[in-house]
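Trainee:
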Amino acid sequence: MVSSLNRFRFKQPRSNNGWQRMQTKPFRIGTRGSPLALAQTHETRDRLAAAHGLPVEMFEIVTLSTKGDRITDRSLAEIGGKGLFTEELEQQLLSGDLDFAVHSSKDMTTKLPDGLFLSAFLPREDVRDAFVGRSATRLAELPQGATVGSSSLRRQALIRRLRPDVNVITYRGQVETRLRKLAEGQVDGTLLAYAGLRRLGMAHVPTELLDPESFPPAPAQGAICIEARLGDDRINALLSAVDDPRTHEAVSCERGFLATLDGSCRTPIAGYAQSDGARIRFSGMILTPDGTTCHRIETDGRTADAAALGREAGERIRAKAGPEFFLSWS
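For what it's worth, my numbering labels the leading residue of the sequence shown as 1369, then goes sequentially.
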(Lines of atoms letter the chains of each structure in order from A and count residues from 1; the text may use other names and numbers.)
(Lines give C-alpha, C1' and ligand atoms only; values in the text may rest on other atoms or scores of the structure.)
Protein backbone atom coordinates (compact mmCIF):
# COMPACT_ATOMS: atom_id res chain seq x y z
CA MET A 1 0.00 0.00 0.00
CA VAL A 2 1.44 3.32 -1.08
CA SER A 3 1.08 6.57 0.81
CA SER A 4 1.85 9.62 -1.29
CA LEU A 5 -0.19 12.55 0.10
CA ASN A 6 1.94 15.69 0.45
CA ARG A 7 5.12 13.65 0.03
CA PHE A 8 5.39 13.44 -3.74
CA ARG A 9 8.47 11.77 -5.14
CA PHE A 10 8.66 13.52 -8.48
CA LYS A 11 10.80 12.43 -11.38
CA GLN A 12 13.57 14.84 -12.31
CA PRO A 13 12.04 17.84 -14.12
CA ARG A 14 12.46 17.88 -17.85
CA SER A 15 13.50 21.04 -19.63
CA ASN A 16 10.45 23.28 -19.79
CA ASN A 17 11.62 25.14 -22.87
CA GLY A 18 10.13 22.64 -25.30
CA TRP A 19 6.73 22.54 -23.60
CA GLN A 20 6.54 26.30 -23.26
CA ARG A 21 7.36 26.75 -26.95
CA MET A 22 4.74 24.17 -27.96
CA GLN A 23 2.01 25.24 -25.51
CA THR A 24 0.98 28.88 -25.52
CA LYS A 25 -2.21 28.41 -23.47
CA PRO A 26 -2.89 26.29 -20.36
CA PHE A 27 -3.64 22.58 -20.60
CA ARG A 28 -7.31 22.01 -19.73
CA ILE A 29 -7.85 19.34 -17.06
CA GLY A 30 -11.40 18.03 -16.56
CA THR A 31 -12.72 16.90 -13.20
CA ARG A 32 -15.84 16.56 -11.12
CA GLY A 33 -16.39 19.34 -8.62
CA SER A 34 -16.43 17.39 -5.35
CA PRO A 35 -13.75 18.21 -2.75
CA LEU A 36 -12.18 14.77 -3.27
CA ALA A 37 -12.16 15.06 -7.07
CA LEU A 38 -10.56 18.49 -6.81
CA ALA A 39 -7.93 17.25 -4.33
CA GLN A 40 -7.02 14.46 -6.77
CA THR A 41 -6.86 16.90 -9.67
CA HIS A 42 -4.65 19.33 -7.74
CA GLU A 43 -2.30 16.46 -6.94
CA THR A 44 -2.18 15.52 -10.63
CA ARG A 45 -1.58 19.11 -11.71
CA ASP A 46 1.20 19.57 -9.14
CA ARG A 47 2.92 16.35 -10.20
CA LEU A 48 2.77 17.32 -13.87
CA ALA A 49 4.06 20.83 -13.19
CA ALA A 50 6.97 19.49 -11.15
CA ALA A 51 7.80 16.70 -13.62
CA HIS A 52 8.07 19.17 -16.51
CA GLY A 53 9.36 22.20 -14.65
CA LEU A 54 6.25 24.19 -15.58
CA PRO A 55 4.30 26.75 -13.51
CA VAL A 56 0.96 25.47 -12.21
CA GLU A 57 -0.67 28.28 -14.17
CA MET A 58 0.02 26.22 -17.30
CA PHE A 59 -2.76 23.87 -16.13
CA GLU A 60 -6.38 25.05 -16.02
CA ILE A 61 -8.79 22.97 -13.92
CA VAL A 62 -12.26 22.71 -15.48
CA THR A 63 -14.99 21.40 -13.16
CA LEU A 64 -18.10 19.70 -14.52
CA SER A 65 -21.20 18.40 -12.76
CA THR A 66 -22.01 14.79 -13.64
CA LYS A 67 -25.30 12.94 -13.42
CA GLY A 68 -23.83 10.78 -10.67
CA ASP A 69 -23.16 13.92 -8.60
CA ARG A 70 -26.62 15.39 -9.19
CA ILE A 71 -28.71 12.31 -8.35
CA THR A 72 -27.93 11.16 -4.81
CA ASP A 73 -31.25 9.77 -3.60
CA ARG A 74 -30.95 6.45 -5.47
CA SER A 75 -28.30 3.77 -5.80
CA LEU A 76 -25.95 3.88 -8.78
CA ALA A 77 -27.34 0.54 -9.95
CA GLU A 78 -30.81 2.12 -10.24
CA ILE A 79 -29.69 5.13 -12.29
CA GLY A 80 -27.18 3.57 -14.65
CA GLY A 81 -23.90 2.59 -12.96
CA LYS A 82 -20.36 3.92 -12.97
CA GLY A 83 -20.47 5.82 -16.25
CA LEU A 84 -22.64 8.44 -14.56
CA PHE A 85 -19.51 9.95 -12.98
CA THR A 86 -17.60 10.24 -16.26
CA GLU A 87 -19.99 10.79 -19.19
CA GLU A 88 -19.90 14.61 -19.24
CA LEU A 89 -16.10 14.67 -18.92
CA GLU A 90 -15.68 12.11 -21.69
CA GLN A 91 -17.92 14.06 -24.04
CA GLN A 92 -15.70 17.13 -23.65
CA LEU A 93 -12.58 15.03 -24.07
CA LEU A 94 -13.88 13.66 -27.35
CA SER A 95 -14.87 17.15 -28.57
CA GLY A 96 -11.40 18.51 -27.77
CA ASP A 97 -12.68 20.96 -25.14
CA LEU A 98 -10.54 19.16 -22.54
CA ASP A 99 -6.96 17.95 -22.94
CA PHE A 100 -7.34 15.19 -20.34
CA ALA A 101 -9.49 14.27 -17.33
CA VAL A 102 -8.68 13.06 -13.82
CA HIS A 103 -10.76 10.32 -12.18
CA SER A 104 -10.87 7.87 -9.31
CA SER A 105 -9.90 4.67 -11.13
CA LYS A 106 -12.61 2.62 -9.43
CA ASP A 107 -15.25 4.92 -10.99
CA MET A 108 -14.22 3.97 -14.52
CA THR A 109 -16.28 1.59 -16.64
CA THR A 110 -14.30 -1.35 -18.02
CA LYS A 111 -15.25 -0.37 -21.59
CA LEU A 112 -14.39 3.24 -22.36
CA PRO A 113 -15.85 5.28 -25.23
CA ASP A 114 -14.14 4.73 -28.58
CA GLY A 115 -11.14 7.03 -28.90
CA LEU A 116 -10.38 7.28 -25.18
CA PHE A 117 -8.07 5.32 -22.88
CA LEU A 118 -6.46 5.48 -19.45
CA SER A 119 -3.12 7.06 -20.26
CA ALA A 120 -1.51 7.26 -16.81
CA PHE A 121 -1.94 6.28 -13.16
CA LEU A 122 -0.49 8.17 -10.20
CA PRO A 123 1.20 6.21 -7.38
CA ARG A 124 -1.47 4.34 -5.51
CA GLU A 125 -2.65 5.36 -2.06
CA ASP A 126 -3.66 3.01 0.78
CA VAL A 127 -6.24 0.55 -0.61
CA ARG A 128 -8.03 -0.25 2.65
CA ASP A 129 -11.62 0.52 3.54
CA ALA A 130 -12.18 2.64 6.63
CA PHE A 131 -14.98 2.12 9.14
CA VAL A 132 -16.29 5.23 10.86
CA GLY A 133 -18.43 4.45 13.87
CA ARG A 134 -20.64 6.83 15.85
CA SER A 135 -20.76 4.83 19.09
CA ALA A 136 -18.83 1.62 18.39
CA THR A 137 -15.30 2.09 17.06
CA ARG A 138 -15.11 -1.26 15.26
CA LEU A 139 -17.47 -2.99 12.83
CA ALA A 140 -17.37 -6.12 14.99
CA GLU A 141 -18.42 -4.11 18.06
CA LEU A 142 -21.64 -2.69 16.62
CA PRO A 143 -24.70 -3.76 18.62
CA GLN A 144 -27.10 -6.23 17.06
CA GLY A 145 -29.56 -4.43 14.78
CA ALA A 146 -27.32 -1.41 14.27
CA THR A 147 -27.60 0.44 10.94
CA VAL A 148 -24.63 0.79 8.60
CA GLY A 149 -24.79 2.96 5.48
CA SER A 150 -22.88 2.33 2.25
CA SER A 151 -23.43 3.04 -1.44
CA SER A 152 -21.16 0.17 -2.56
CA LEU A 153 -22.68 -3.27 -3.23
CA ARG A 154 -19.27 -4.81 -2.48
CA ARG A 155 -19.13 -3.15 0.94
CA GLN A 156 -22.78 -4.00 1.62
CA ALA A 157 -22.19 -7.67 0.79
CA LEU A 158 -19.00 -7.84 2.88
CA ILE A 159 -20.72 -6.18 5.86
CA ARG A 160 -23.57 -8.69 5.62
CA ARG A 161 -21.06 -11.51 5.39
CA LEU A 162 -19.23 -10.40 8.55
CA ARG A 163 -22.26 -9.04 10.43
CA PRO A 164 -25.50 -10.61 9.17
CA ASP A 165 -27.30 -9.18 12.21
CA VAL A 166 -26.87 -5.50 11.25
CA ASN A 167 -29.14 -3.43 9.00
CA VAL A 168 -27.36 -2.29 5.84
CA ILE A 169 -28.82 0.63 3.90
CA THR A 170 -27.89 2.49 0.70
CA TYR A 171 -26.17 5.71 1.69
CA ARG A 172 -24.86 8.08 -0.98
CA GLY A 173 -23.34 11.54 -1.14
CA GLN A 174 -19.95 13.20 -0.95
CA VAL A 175 -17.62 12.24 1.90
CA GLU A 176 -18.56 15.31 3.93
CA THR A 177 -22.29 14.60 3.45
CA ARG A 178 -21.96 11.01 4.63
CA LEU A 179 -20.02 12.05 7.71
CA ARG A 180 -22.61 14.73 8.53
CA LYS A 181 -25.44 12.19 8.26
CA LEU A 182 -23.46 9.87 10.55
CA ALA A 183 -22.99 12.65 13.15
CA GLU A 184 -26.73 13.40 12.97
CA GLY A 185 -27.49 9.79 13.89
CA GLN A 186 -29.00 8.64 10.59
CA VAL A 187 -26.71 5.59 10.77
CA ASP A 188 -24.51 3.97 13.40
CA GLY A 189 -21.56 3.57 11.07
CA THR A 190 -20.37 3.93 7.49
CA LEU A 191 -17.49 2.81 5.32
CA LEU A 192 -15.30 5.01 3.13
CA ALA A 193 -12.13 4.54 1.12
CA TYR A 194 -9.18 5.40 3.35
CA ALA A 195 -7.34 6.77 0.31
CA GLY A 196 -9.99 9.43 -0.19
CA LEU A 197 -9.93 10.44 3.47
CA ARG A 198 -6.16 10.81 3.34
CA ARG A 199 -6.32 12.96 0.24
CA LEU A 200 -8.84 15.20 2.00
CA GLY A 201 -6.61 15.57 5.05
CA MET A 202 -9.03 13.43 7.09
CA ALA A 203 -6.80 10.48 7.96
CA HIS A 204 -7.83 10.91 11.61
CA VAL A 205 -11.54 10.26 10.92
CA PRO A 206 -11.65 6.42 10.70
CA THR A 207 -12.29 4.52 13.89
CA GLU A 208 -11.05 1.28 12.27
CA LEU A 209 -9.05 0.34 9.17
CA LEU A 210 -10.29 -2.93 7.74
CA ASP A 211 -7.89 -5.73 6.88
CA PRO A 212 -7.83 -6.21 3.08
CA GLU A 213 -7.62 -9.97 3.60
CA SER A 214 -11.04 -10.20 5.28
CA PHE A 215 -12.47 -7.04 3.71
CA PRO A 216 -10.85 -6.85 0.24
CA PRO A 217 -10.95 -3.56 -1.69
CA ALA A 218 -12.72 -2.73 -4.91
CA PRO A 219 -10.67 -3.18 -8.09
CA ALA A 220 -8.58 -0.01 -8.66
CA GLN A 221 -9.41 1.45 -5.23
CA GLY A 222 -6.93 4.12 -4.13
CA ALA A 223 -5.60 4.84 -7.63
CA ILE A 224 -5.98 8.11 -9.53
CA CYS A 225 -6.11 7.73 -13.31
CA ILE A 226 -5.82 10.19 -16.19
CA GLU A 227 -8.04 9.65 -19.22
CA ALA A 228 -6.95 11.01 -22.58
CA ARG A 229 -7.51 10.63 -26.32
CA LEU A 230 -5.94 7.78 -28.23
CA GLY A 231 -3.45 9.08 -30.76
CA ASP A 232 -2.91 12.43 -29.03
CA ASP A 233 0.83 11.86 -28.81
CA ARG A 234 1.64 15.32 -27.48
CA ILE A 235 -0.70 15.05 -24.48
CA ASN A 236 0.19 11.45 -23.77
CA ALA A 237 3.89 12.33 -23.77
CA LEU A 238 3.09 14.98 -21.17
CA LEU A 239 1.19 12.48 -19.02
CA SER A 240 3.77 9.71 -19.27
CA ALA A 241 6.06 11.63 -16.91
CA VAL A 242 3.70 10.97 -13.95
CA ASP A 243 2.66 7.41 -14.82
CA ASP A 244 3.56 4.98 -12.04
CA PRO A 245 4.37 1.61 -13.67
CA ARG A 246 3.52 -0.58 -10.67
CA THR A 247 0.15 1.07 -10.16
CA HIS A 248 -0.52 0.86 -13.92
CA GLU A 249 0.25 -2.88 -13.91
CA ALA A 250 -1.80 -3.61 -10.79
CA VAL A 251 -4.86 -1.67 -11.95
CA SER A 252 -4.66 -3.23 -15.42
CA CYS A 253 -4.83 -6.66 -13.78
CA GLU A 254 -7.76 -5.69 -11.56
CA ARG A 255 -9.68 -4.11 -14.43
CA GLY A 256 -9.10 -7.26 -16.50
CA PHE A 257 -10.72 -9.29 -13.70
CA LEU A 258 -13.62 -6.84 -13.48
CA ALA A 259 -14.20 -6.77 -17.23
CA THR A 260 -14.39 -10.55 -17.49
CA LEU A 261 -17.04 -10.63 -14.76
CA ASP A 262 -18.98 -7.81 -16.41
CA GLY A 263 -18.38 -5.72 -13.31
CA SER A 264 -20.53 -2.67 -12.62
CA CYS A 265 -22.25 -1.04 -9.69
CA ARG A 266 -24.67 -3.97 -9.78
CA THR A 267 -22.01 -6.54 -8.87
CA PRO A 268 -20.22 -7.25 -5.56
CA ILE A 269 -16.63 -7.80 -6.74
CA ALA A 270 -13.33 -7.29 -4.91
CA GLY A 271 -9.84 -7.47 -6.38
CA TYR A 272 -6.34 -6.44 -5.41
CA ALA A 273 -3.08 -6.83 -7.34
CA GLN A 274 0.46 -5.98 -6.22
CA SER A 275 3.39 -5.63 -8.60
CA ASP A 276 7.08 -5.74 -7.72
CA GLY A 277 8.10 -4.75 -11.23
CA ALA A 278 8.73 -8.28 -12.47
CA ARG A 279 5.90 -10.36 -11.02
CA ILE A 280 2.34 -9.53 -10.08
CA ARG A 281 0.19 -11.18 -7.42
CA PHE A 282 -3.60 -10.99 -7.57
CA SER A 283 -6.41 -11.99 -5.24
CA GLY A 284 -10.07 -11.64 -6.11
CA MET A 285 -13.48 -12.31 -4.58
CA ILE A 286 -17.06 -12.41 -5.81
CA LEU A 287 -20.05 -12.42 -3.48
CA THR A 288 -23.79 -12.74 -3.62
CA PRO A 289 -25.40 -9.41 -2.63
CA ASP A 290 -26.62 -10.89 0.66
CA GLY A 291 -23.06 -11.91 1.54
CA THR A 292 -23.97 -15.53 2.24
CA THR A 293 -21.87 -17.03 -0.55
CA CYS A 294 -18.47 -16.01 -1.86
CA HIS A 295 -15.69 -17.39 -4.01
CA ARG A 296 -12.03 -16.42 -3.87
CA ILE A 297 -9.13 -16.79 -6.27
CA GLU A 298 -5.40 -16.14 -6.01
CA THR A 299 -2.88 -16.17 -8.83
CA ASP A 300 0.39 -14.64 -9.95
CA GLY A 301 2.34 -14.08 -13.15
CA ARG A 302 4.56 -11.71 -15.12
CA THR A 303 3.76 -8.02 -14.97
CA ALA A 304 3.91 -7.96 -18.77
CA ASP A 305 0.80 -10.17 -18.70
CA ALA A 306 -1.05 -8.16 -16.03
CA ALA A 307 -4.31 -7.56 -17.89
CA ALA A 308 -4.41 -11.11 -19.26
CA LEU A 309 -3.74 -12.48 -15.77
CA GLY A 310 -6.75 -10.59 -14.43
CA ARG A 311 -8.97 -11.79 -17.27
CA GLU A 312 -7.87 -15.40 -16.71
CA ALA A 313 -8.62 -15.08 -12.98
CA GLY A 314 -12.09 -13.80 -13.85
CA GLU A 315 -12.72 -16.75 -16.17
CA ARG A 316 -11.53 -19.24 -13.55
CA ILE A 317 -13.65 -17.80 -10.74
CA ARG A 318 -16.69 -17.62 -13.02
CA ALA A 319 -16.28 -21.33 -13.84
CA LYS A 320 -15.74 -22.14 -10.15
CA ALA A 321 -18.90 -20.32 -9.07
CA GLY A 322 -21.12 -21.79 -11.79
CA PRO A 323 -23.94 -20.06 -13.68
CA GLU A 324 -26.44 -20.25 -10.82
CA PHE A 325 -24.27 -18.01 -8.66
CA PHE A 326 -24.65 -15.04 -10.99
CA LEU A 327 -28.45 -15.13 -11.07
CA SER A 328 -28.50 -13.14 -7.82
CA TRP A 329 -26.63 -10.32 -9.58
CA SER A 330 -29.35 -9.68 -12.15
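No residue lacks a Cβ here, since even glycine has one placed at the ideal position from N, Cα and C.
Between the alpha carbons of leucine 1466 and arginine 1523, how many angstroms are there, rounded?
Mentor: Approximately 34 Å between the Cα atoms of the pair.
Trainee: If we count the other Cβ atoms within 10 Å of its Cβ and call it buried at 16 or more, is phenylalanine 1395 buried or exposed?
Mentor: Buried: at least 16 other Cβ atoms inside 10 Å.
Trainee: Report the three-state DSSP secondary structure of phenylalanine 1583 (helix, strand or coil).
Mentor: Coil.
Trainee: Please report the distance separating the alpha-carbon of threonine 1431 from that of proline 1691.
Mentor: So the alpha carbons of these two residues sit roughly 42 Å apart.
Trainee: How long is the line joining the alpha carbons of glutamate 1550 and aspartate 1600, rounded to whole angstroms?
Mentor: Looking at the sequence itself, residue 1550 is leucine, so the reference to glutamate does not match. Between leucine 1550 and aspartate 1600, the C-alpha separation is close to 45 Å.
Trainee: Hey, out of Ser1463, Thr1392, Pro1423 and Ala1418, whose CA is closest to glycine 1398's CA?
Mentor: Closest option to glycine 1398, Cα to Cα, is Ser1463.
Trainee: Less than 8 Å between the C-beta atoms of proline 1585 and methionine 1653, yes or no?
Mentor: Not closer than 8 Å, so no.
Trainee: For the alpha helix (DSSP H) that contains glutamine 1460, what are its first and last residues?
Mentor: First-last of the alpha helix (DSSP H) with glutamine 1460: 1455-1463.
Trainee: Quick one: measure Cβ to Cβ for isoleucine 1637 and alanine 1674, integer angstroms, because I've assumed they're closer than 8 Å.
Mentor: With a Cβ gap of about 17 Å, isoleucine 1637 and alanine 1674 do not count as contacting.
Trainee: Please report the residue range of the beta strand (DSSP E) in which histidine 1616 lies.
Mentor: Not the beta strand (DSSP E): histidine 1616 falls in the alpha helix (DSSP H), residues 1613-1628.
Trainee: For serine 1402, which option in Glu1544, Pro1587, His1616 and Glu1456 has the closest C-alpha, if you only look at C-alpha atoms?
Mentor: Closest option to serine 1402, Cα to Cα, is Glu1544.
Trainee: Please report the residue range of the alpha helix (DSSP H) in which alanine 1419 lies.
Mentor: Taken as a continuous stretch (DSSP letters only), the alpha helix (DSSP H) holding alanine 1419 covers 1403-1420.
Trainee: Tell me which same chain residues have a C-beta within less than 6 Å of the C-beta of threonine 1656, skipping the five on either side of it?
Mentor: Ser1696.
Trainee: Roughly how many whole angstroms lie between the Cα atoms of serine 1617 and alanine 1672?
Mentor: Checking the sequence shown, residue 1617 turns out to be glutamate, not serine. When rounded, the distance between both Cα atoms is 8 Å.
Trainee: Run through DSSP, which three-state label would glycine 1682 get?
Mentor: Three-state result, glycine 1682: helix.
Trainee: Would you mind giving the Cβ-Cβ distance between valine 1573 and valine 1495, rounded to the nearest angstrom? I have them listed as a contact below 8 Å.
Mentor: Incorrect: roughly 17 Å between the Cβ atoms, too far for contact.
Trainee: Can you check which of these residues, Arg1679, Leu1606 and Ser1651, is closest to alanine 1418 by C-alpha distance?
Mentor: Here the closest residue by C-alpha is Leu1606.
Trainee: Verify whether the separation of the beta carbon atoms of leucine 1484 and leucine 1461 is less than 8 Å.
Mentor: Yes, the pair counts as a contact, with Cβ atoms nearer than the cut-off.
Trainee: Do the CB positions of leucine 1578 and aspartate 1644 come within less than 8 Å of each other?
Mentor: No; because the gap between Cβ atoms is not below 8 Å, this pair is not in contact.
Trainee: Between valine 1619 and the ligand FAD, is the CB less than 7 Å from at least one heavy atom?
Mentor: Looking for the ligand FAD in the displayed structure turns up nothing, as the structure carries no ligands at all.
Trainee: Just to confirm, is the Cβ distance from lysine 1474 to glutamine 1589 under 8 Å?
Mentor: In contact: lysine 1474 and glutamine 1589 (Cβ atoms closer than 8 Å).
Trainee: Over what stretch of residues does the alpha helix (DSSP H) that includes aspartate 1601 continue unbroken?
Mentor: 1601-1608 is the extent of the alpha helix (DSSP H) around aspartate 1601.
Trainee: Sort Ile1665, Ala1676 and Gly1669 by Cα distance to lysine 1688 and report the nearest one.
Mentor: Nearest option by C-alpha distance: Ile1665.
Trainee: If leucine 1559 sits next to arginine 1531, beta carbons under 8 Å apart, how far is it from one beta carbon to the other, in whole angstroms?
Mentor: Actually they do not touch by this definition, with Cβ atoms about 12 Å apart.
Trainee: Please list, in chain order, all residues of the same chain as leucine 1626 whose beta carbon is under 7 Å from its beta carbon, the five residues on each side excluded.
Mentor: Cβ within range, chain order: Thr1478, Pro1587, Ile1637 and Gly1639.
Trainee: Looking at C-alpha atoms only, which residue of Phe1693, Thr1661, Leu1677 and Asp1533 is the closest neighbour of threonine 1667?
Mentor: Ranking Phe1693, Thr1661, Leu1677 and Asp1533 by Cα distance to threonine 1667 puts Leu1677 first.
Trainee: Is it the case that the Cβ atoms of cysteine 1593 and leucine 1486 are separated by a distance below 8 Å?
Mentor: Yes.
Trainee: For phenylalanine 1427 and isoleucine 1603, I'd like the C-alpha separation in whole angstroms.
Mentor: Looking at the two C-alpha atoms, the distance is approximately 12 Å.
Trainee: Going along the chain, which residues of its own chain have a beta-carbon closer than 6 Å to the beta-carbon of proline 1591, five neighbours each way excluded?
Mentor: Here residue 1591 turns out to be alanine, not proline, going by the sequence shown. These residues qualify, in order along the chain: Ser1473, Phe1489, Arg1492, Thr1615 and Val1619.
Trainee: Going by the CB atoms, is the gap between threonine 1635 and glutamate 1683 shorter than 8 Å?
Mentor: No; because the gap between Cβ atoms is not below 8 Å, this pair is not in contact.
Trainee: Just to confirm, are arginine 1567 and leucine 1404 a CB contact at a threshold of 8 Å?
Mentor: A contact, by the Cβ cut-off of 8 Å.
Trainee: Around the Cβ of glycine 1557, are there at least 16 other Cβ atoms within 10 angstroms (buried) or fewer (exposed)?
Mentor: Glycine 1557 comes out buried.
Trainee: Here's a check: name, in chain order, each residue in its chain whose Cβ is nearer than 8 Å to the Cβ of phenylalanine 1694, leaving out the five neighbours to either side.
Mentor: These residues qualify, in order along the chain: Arg1686.
Trainee: By the 10 Å Cβ neighbour count, where 16 or more other Cβ atoms means buried, how is glutamate 1680 classified, buried or exposed?
Mentor: Burial call: buried.
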